[in-house]
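S.K.: Using the UniProt record's numbering, the first residue of the sequence shown is number 1, and each one after it goes up by one.
First the structure, then my questions, so here it is.
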Amino acid sequence: MTVLVKLLNGQSVEGLIEAISQDSSLLLLSDAVVCGEGAPMRFPRLEVTADQIESIDILSDVPSVDSRATSHPSEPPTWQQNTPRNAKTTPRKASSNWSQDDVRRYKGEEFDFQGNLDRFDKKKVFSEIRQQDPTRPEDRLVSHNLAQRKMRHDQNVLPGRIVDADGEDQILLETSSLSLNEKKSEIPCVAGSLLESIEQKILLSGAISNEQMIENGGRSLCSFLFERQSELLSASVLLALSADRFGSYALCAGRHLLNRGIRVFANLPADMRMAPTYFNAALRQFQKCGGIIFENQKEKVSLVISSLPVTPVTSKALICSIAPNTTAALNARFGLPSEIPSGGCVLCDVGWPAAQVEALLGSKWRYSRTFGFASYLVIGDK
Numbered sequence: 001m002t003v004l005v006k007l008l009n010g011q012s013v014e015g016l017i018e019a020i021s022q023d024s025s026l027l028l029l030s031d032a033v034v035c036g037e038g039a040p041m042r043f044p045r046l047e048v049t050a051d052q053i054e055s056i057d058i059l060s061d062v063p064s065v066d067s068r069a070t071s072h073p074s075e076p077p078t079w080q081q082n083t084p085r086n087a088k089t090t091p092r093k094a095s096s097n098w099s100q101d102d103v104r105r106y107k108g109e110e111f112d113f114q115g116n117l118d119r120f121d122k123k124k125v126f127s128e129i130r131q132q133d134p135t136r137p138e139d140r141l142v143s144h145n146l147a148q149r150k151m152r153h154d155q156n157v158l159p160g161r162i163v164d165a166d167g168e169d170q171i172l173l174e175t176s177s178l179s180l181n182e183k184k185s186e187i188p189c190v191a192g193s194l195l196e197s198i199e200q201k202i203l204l205s206g207a208i209s210n211e212q213m214i215e216n217g218g219r220s221l222c223s224f225l226f227e228r229q230s231e232l233l234s235a236s237v238l239l240a241l242s243a244d245r246f247g248s249y250a251l252c253a254g255r256h257l258l259n260r261g262i263r264v265f266a267n268l269p270a271d272m273r274m275a276p277t278y279f280n281a282a283l284r285q286f287q288k289c290g291g292i293i294f295e296n297q298k299e300k301v302s303l304v305i306s307s308l309p310v311t312p313v314t315s316k317a318l319i320c321s322i323a324p325n326t327t328a329a330l331n332a333r334f335g336l337p338s339e340i341p342s343g344g345c346v347l348c349d350v351g352w353p354a355a356q357v358e359a360l361l362g363s364k365w366r367y368s369r370t371f372g373f374a375s376y377l378v379i380g381d382k
């Protein structure tokens with residue numbers, strides 16, 4: 001029964017009568033809405049005493065019931081005291097009857113991995129995908145991500161073709177040229193005295209140190225070998241050294257070749273008493289990396305890196321070109337001197353700063369950059 005209770009303080013309460021005390025001194029309402037001066041407030045349960053009530057109006061009566069129905073007096077509601085927060089409550093035991101059917105159904109069964117794998121025909125599925133996909137194999141990304149072949153520590157990384165010539169195993173060389181004869185282009189060359197003066201002025205100015213120039217020359221020489229003559233590096237390499245800056249360049253290049261797994265021999269000059277400090281330092285680094293001092297071994301080499309002077313002018317700059325006389329004297333298949341032969345061109349970088357070389361040579365030369373900074377790799381055509 002929904003009633004509207006007017007209180008003595010001017011407020012009104014609308015709610016459903018839930019219970020009445022036996023002495024009619026207390027009225028219990030559910031879903032009560034209290035209206036007064038402010039906004040209406042709703043309470044799930046509200047107790048109203050008899051001394052607070054002014055009047056009671058019935059808003060809706062109870063529904064009609066069957067005459068045959070029996071009624072029993074309702075028991076008065078009991079108010080329970082609030083339990084303390086720290087009081088321990090015993091949780092109810094969860095019923096597990098709902099999952100017994102599934103447990104009994106799958107109990108004792110094991111998942112057959114092999115049987116399920118056999119049901120999947122991977123070859124058939126991938127063949128269907130290839131038939132439906134019109135993409136060419138060379139355009140697929142997987143063709144560019146092939147796993148590299150693993151090599152042993154004593155196995156040559158660069159392949160070489162070995163043929164039998166004159167009863168001896170020799171490397172079949174491919175013809176190549178260091179000049180631009182095919183393009184019919186002029187290659188301007190710098191005289192040895194000019195290169196020597198350029199290097200001396202750069203060293204005196206402090207723009208680059210002696211060690212940096214040697215390291216740059218050795219790295220550039222190796223870069224040239226791997227780019228142009230990589231097939232020659234499948235066998236041993238001999239360094240024909242002179243106790244000067246050219247020999248230091250060759251030793252630095254030999255040290256980098258040793259790090260690539262190539263056997264490198266060094267032929268020292270007869271007189272080492274006047275060898276400069278930087279040459280001895282380069283020799284020690286070469287031996288620490290596994291370099292071998294050549295002492296009349298009968299070792300066949302495929303490449304000779306020569307620093308022996310073949311011209312009267314001995315510059316301090318690194319110049320690379322073919323030297324047939326030096327190569328023939330050493331009885332090698334290929335020679336690469338690190339000094340100034342007649343008619344050679346600058347092919348290796350020694351780290352000269354761009355501003356100082358342009359001030360000495362002018363801007364008419366064509367220069368290339370390497371190693372990430374402005375330094376001179378090639379003096380070529382315009």
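Glycine residues also receive a C-beta, built at the ideal position from the N, C-alpha and C atoms.
Predicted model only: the values in this text are computed from it and were never measured.
May I ask you to report which of helix, strand or coil DSSP gives ASP31?
M.R.: For the purposes of this step, residue 31 is identified with residue 31 of the sequence shown, where counting begins at 1. ASP31: strand per DSSP, three-state reduction.
S.K.: Tell me the rounded alpha-carbon separation between ASN267 and GLY290.
M.R.: In the sequence shown, the residue the question calls residue 267 occupies position 267. In the sequence shown, the residue the question calls residue 290 occupies position 290. Their backbone Cα atoms lie some 15 Å apart in a straight line.
S.K.: With a threshold of 7 Å on Cβ separation, who are the neighbours of PHE294 within its own chain once the five nearest residues in sequence on each side are excluded?
M.R.: Residue numbering aside, residue 294 sits at position 294 when the sequence shown is read from its first letter. Contacts found: LEU238, PHE265, ALA266, ASN267.
S.K.: Would the segment 44-57 count as touching the segment 15-33 if we require 3 or more Cβ pairs under 8 Å?
M.R.: yes
S.K.: When you compare each of ALA39, MET213, SER236 to PHE279 by their alpha carbons, which one comes out closest?
M.R.: One-based indexing of the sequence shown puts residue 279 at position 279. Taking only the C-alpha atoms, the option nearest PHE279 is MET213.
S.K.: Whose C-alpha, out of ILE262, GLU215, SER223, ARG263, is nearest the C-alpha of GLY247?
M.R.: Position 247 of the sequence shown holds residue 247. Per the Cα distances, GLU215.
S.K.: Indicate the three-state DSSP secondary structure (helix, strand or coil) for THR135 in the structure shown.
M.R.: Mapped onto the sequence shown, residue 135 falls at position 135. The answer is coil: DSSP assigns THR135 none of H, G, I, E or B.
S.K.: Please say whether HIS153 and residue 387 have beta carbons closer to each other than 8 Å?
M.R.: With the chain represented from 1 up to 382, any question about residue 387 goes unanswered, as that position is not in the structure.
S.K.: Measuring alpha carbon to alpha carbon, tell me which residue in GLN287, LEU251, LEU257, ALA243 is nearest MET274.
M.R.: Taking the sequence shown and counting its residues from 1, one reaches residue 274 at position 274. Closest by alpha carbon: ALA243.
S.K.: In the DSSP output, what is PHE265 paired with across the bridge?
M.R.: The residue labelled residue 265 in the question sits at position 265 within the sequence shown. BP columns for PHE265 point to LEU238, ILE292.
S.K.: By the three-class DSSP mapping on this structure, what secondary structure does ILE208 have?
M.R.: For the purposes of this step, residue 208 is taken as residue 208 along the sequence shown, with counting starting at 1. Coil, per DSSP.
S.K.: Taking ARG245 as part of the alpha helix (DSSP H), name the residues at either end of that continuous run.
M.R.: For the purposes of this step, residue 245 is identified with residue 245 of the sequence shown, where counting begins at 1. It spans 245-259 - the alpha helix (DSSP H) in which ARG245 sits, taken as one unbroken run.
S.K.: Between which two residues does the alpha helix (DSSP H) containing GLY115 stretch?
M.R.: Taking the sequence shown and counting its residues from 1, the one referred to as residue 115 is at position 115. 113-118 is the span of the alpha helix (DSSP H), which, as asked, contains GLY115.
S.K.: May I ask you to report which of helix, strand or coil DSSP gives GLU37?
M.R.: As a first step, residue 37 must be located in the sequence shown, where it is residue number 37. Residue state, collapsed to three classes: coil.
S.K.: On the DSSP bridge list, what partners appear for ALA270?
M.R.: Here residue 270 refers to the residue found at position 270 when the sequence shown is read from its first residue. Note: ALA270 sits in no beta bridge, so no partner.
S.K.: Would you give the residue range spanned by the beta strand (DSSP E) that LEU4 belongs to?
M.R.: As a first step, residue 4 must be located in the sequence shown, where it is residue number 4. In this chain, the beta strand (DSSP E) harbouring LEU4 covers 2-7.
S.K.: State the beta-bridge partners of residue 384 as determined by DSSP.
M.R.: This structure cannot settle anything about residue 384, because the visible part of the chain is limited to 1 through 382.
S.K.: With 16 as the cutoff for other CB atoms within 10 Å, does VAL125 come out buried or exposed?
M.R.: Your numbering for residue 125 matches position 125 in the sequence shown. Classification for VAL125: exposed.
S.K.: Report the partner residues of SER12 according to the DSSP bridge assignment.
M.R.: Along the sequence shown, one-based indexing puts residue 12 at 12. DSSP lists LYS6, CYS35 as partners of SER12.
S.K.: Within 10 angstroms of its Cβ, does ARG45 collect 16 or more other Cβ (buried), or is it exposed?
M.R.: Translated into the one-based positions of the sequence shown, residue 45 becomes position 45. Exposed.
S.K.: Taking only the alpha-carbon atoms, compute the straight-line gap between LYS6 and GLN52 and give it to the nearest angstrom.
M.R.: Numbered from 1 along the sequence shown, position 6 holds the residue referred to as residue 6. Numbered from 1 along the sequence shown, position 52 holds the residue referred to as residue 52. Approximately 9 Å, taken between the alpha carbons.
S.K.: Quick check: what's the CA-CA separation for PHE286 versus MET151?
M.R.: Along the sequence shown, read from residue 1 onward, the residue named residue 286 stands at position 286. Along the sequence shown, read from residue 1 onward, the residue named residue 151 stands at position 151. Rounded to whole angstroms, PHE286 to MET151 spans 24 Å at the Cα level.
S.K.: Please state whether DSSP places ASP57 in a helix, a strand or coil.
M.R.: Stepping through the sequence shown from its first residue, residue 57 is reached at position 57. Strand, per DSSP.
S.K.: On a CA-only basis, which of GLY15, ASN259, THR277 is nearest CYS35? Give me that one, please.
M.R.: Here residue 35 refers to the residue found at position 35 when the sequence shown is read from its first residue. If we check each option's Cα against that of CYS35, GLY15 comes out closest.
S.K.: With ARG42 and VAL33 assumed to form a contact (beta carbons below 8 Å), what rounded beta-carbon distance in angstroms separates them?
M.R.: One-based indexing of the sequence shown puts residue 42 at position 42. One-based indexing of the sequence shown puts residue 33 at position 33. Indeed they touch by this definition, with Cβ atoms about 5 Å apart.
S.K.: Would you identify the three-state DSSP class for ALA19, choosing helix, strand or coil?
M.R.: Stepping through the sequence shown from its first residue, residue 19 is reached at position 19. It is a strand residue.
S.K.: Just the Cα atoms here: how many angstroms apart are ALA282 and ASP271?
M.R.: Sequence index remark: in the sequence shown, residue 282 carries index 282 (1-based). Sequence index remark: in the sequence shown, residue 271 carries index 271 (1-based). Spanning the two alpha carbons is a distance of roughly 17 Å.
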